[in-house]
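**Student:**
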Amino acid sequence: TGTVVATFNDKDVADATTVSFSGLSLSGADAGNYTLTAHADASQTISAKALTISGLSSEDKVYDGTKDAVVNGTAALQTAIAAGSGTSSDGKAYTGDTVSLTGTVVATFNDKDVADATTVSFSGLRLTGDDAANYTLTPHAVVSQGISKAVLTAKANDDAKFLTQADPAFTVSVTGFVNGETSASAEGYAAPTASRSGADSTAGLYNDVLVAAGGGADNYSFSYAAGDFTIVPADQLLVRVTDVSDTYGTS
Numbered sequence: 692t693g694t695v696v697a698t699f700n701d702k703d704v705a706d707a708t709t710v711s712f713s714g715l716s717l718s719g720a721d722a723g724n725y726t727l728t729a730h731a732d733a734s735q736t737i738s739a740k741a742l743t744i745s746g747l748s749s750e751d752k753v754y755d756g757t758k759d760a761v762v763n764g765t766a767a768l769q770t771a772i773a774a775g776s777g778t779s780s781d782g783k784a785y786t787g788d789t790v791s792l793t794g795t796v797v798a799t800f801n802d803k804d805v806a807d808a809t810t811v812s813f814s815g816l817r818l819t820g821d822d823a824a825n826y827t828l829t830p831h832a833v834v835s836q837g838i839s840k841a842v843l844t845a846k847a848n849d850d851a852k853f854l855t856q857a858d859p860a861f862t863v864s865v866t867g868f869v870n871g872e873t874s875a876s877a878e879g880y881a882a883p884t885a886s887r888s889g890a891d892s893t894a895g896l897y898n899d900v901l902v903a904a905g906g907g908a909d910n911y912s913f914s915y916a917a918g919d920f921t922i923v924p925a926d927q928l929l930v931r932v933t934d935v936s937d938t939y940g941t942s
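Remember, our numbering sits 691 above the position in the sequence shown when you count from 1.
#1: Considering only residues of the same chain and omitting the five flanking positions on each side of alanine 824, which have a CB-CB separation below 8 Å?
#2: Helix or strand or just coil, what does DSSP make of asparagine 763?
#3: Taking the alpha carbon of threonine 726 as the reference point, which residue from Leu715, Thr736, Ala733, Thr743 has its own alpha carbon closest?
#4: How should glutamine 735 be labelled, buried or exposed, when 16 other C-beta atoms within 10 angstroms of its C-beta is the threshold for buried?
#5: Can you grab the Cα-Cα spacing for the pair aspartate 732 / asparagine 700, in whole Å?
#6: For the putative contact between valine 902 and alanine 847, defined by C-beta atoms under 8 Å, what is the C-beta separation to the nearest angstrom?
#7: Pull up the DSSP beta-bridge partners for valine 796, would you.
#8: Assuming threonine 810 and glutamine 836 make a contact with CB atoms under 8 Å, what is their CB distance in whole Å?
#9: Tell whether a beta-carbon distance below 8 Å holds between asparagine 898 and alanine 841.
#10: Which residues in the same chain as leucine 828 place their Cβ atom closer than 6 Å to its Cβ, once the five residues preceding and following it in sequence are excluded?
#11: Got a sec? Which residues, its chain only, sit under 6 Å from phenylalanine 712 by beta carbon, not counting five neighbours each side?
#12: Taking all protein chains shown into account, do 16 or more other C-beta atoms lie within 10 angstroms of the C-beta of aspartate 918, making it buried, or fewer, making it exposed?
#13: Could you tell me whether any Cβ in chain D is nearer than 8 Å to the Cβ of alanine 824?
#14: Would you mind reading off the limits of the beta strand (DSSP E) that contains threonine 884?
#15: Could you give the distance in angstroms between the alpha-carbon of threonine 873 and the alpha-carbon of proline 883?
#16: In its own chain, which residues sit with a C-beta less than 6 Å from the C-beta of valine 753, not counting the 5 before and 5 after it?
#17: Starting from the C-beta of threonine 793, find all residues in its chain whose C-beta is less than 8 Å away, skip the five residues before and the five after it, and write them out in chain order.
#18: From valine 935 to alanine 860, what does the alpha carbon distance come to, in whole angstroms?
#19: Based on the DSSP output, what are the partners of glycine 895 in its beta bridges?
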């Protein structure tokens, strides 16, 4: 007779290996003639309980060629509950257990590219404390964030011609690439072009008549700056200079 009680040999994940049974006794007119041998122990284990965290957020960003994201907020475990209460999947630690978060949060986009970056995930945290081994840490929920295009500046290069000549092939300089990218390495890059607005044909300086337009890239948009055009009289000298760059100390 009695009510069976099953008890682990230890409450901790690392040391719980068996379950013993108690609570039964013999009854009846002849019970005094017998003794009751305890039920054999059963081999059982305790698995770690998963804890959930909250409190973190991120934000959208402009394309920078990386998957790095901003971390906002503070990560926290849920409020602990009394031992034996709740469920195995409620994500909460038990009152009296020493367990907390440690580490540095790192936020990461799922992709570096504008078209595919949709979420930010968080990593870098772990559990610490005397009872940490009784728990596992479920990663913080991902958040929905995106990456917008970085802006390239396309400037129509200043140019000139002699009065009697046809217009030259106008060119465009593009600046603003990030993370070491260039027009050759930027994904989906197509160069903008330049043309001359108006049909001025007399000698003189014409401001902002060379207009940049078009172009495209997967991770960039364009802003445009106009260039000046000079029509040189036939009896003057026209000197063309190509932009060059050098590093100080080199020849």
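Glycine included, C-beta positions come from ideal geometry on N, C-alpha and C.
Values in this document were obtained by computation on a predicted structure and should not be read as measured data.
**Tutor:** In short:
#1: Result list for alanine 824: Asp703, Val704, Ala705, Ala739, in chain order.
#2: Three-state DSSP puts asparagine 763 in a strand.
#3: Among Leu715, Thr736, Ala733, Thr743, the Cα nearest to that of threonine 726 is on Leu715.
#4: Answer is exposed; the Cβ neighbour count stays below 16.
#5: The straight-line gap from Cα to Cα measures roughly 10 Å.
#6: Sure, about 6 Å apart at Cβ, within 8 Å.
#7: The partner list for valine 796 (beta bridge, DSSP) is empty, contrary to what the question assumes.
#8: The distance from the Cβ of threonine 810 to that of glutamine 836 is about 7 Å, consistent with a contact at the 8 Å cut-off.
#9: In this structure, the beta-carbon distance from asparagine 898 to alanine 841 does not fall below 8 Å.
#10: Result list for leucine 828: Leu742, Leu818, in chain order.
#11: If the five residues before and after phenylalanine 712 are omitted, its C-beta is found closer than 6 Å to the C-beta atoms of Val695, Ala697, His730, all from its own chain and listed in chain order.
#12: For the sequence presented, residue 918 should be read as glycine rather than aspartate. Burial call: buried.
#13: Here there is only one protein chain, and chain D is not present.
#14: First-last of the beta strand (DSSP E) with threonine 884: 884 to 887.
#15: Those two C-alpha atoms are separated by around 14 Å.
#16: Sequence-distant partners of valine 753 (beyond 5 residues in either direction) whose C-beta falls short of 6 Å from its own C-beta, in its chain, are Ser839, Ala841.
#17: Closer than 8 Å at the Cβ level, and outside the excluded window around threonine 793, lie Leu816, Arg817, Leu818, Thr819.
#18: In this predicted model, valine 935 has a pLDDT of only 47, less than 50, meaning its place in the structure is not dependable; the value taken from the coordinates is given anyway. Roughly 19 Å between the two C-alpha positions.
#19: The partner list for glycine 895 (beta bridge, DSSP) reads Ile922.
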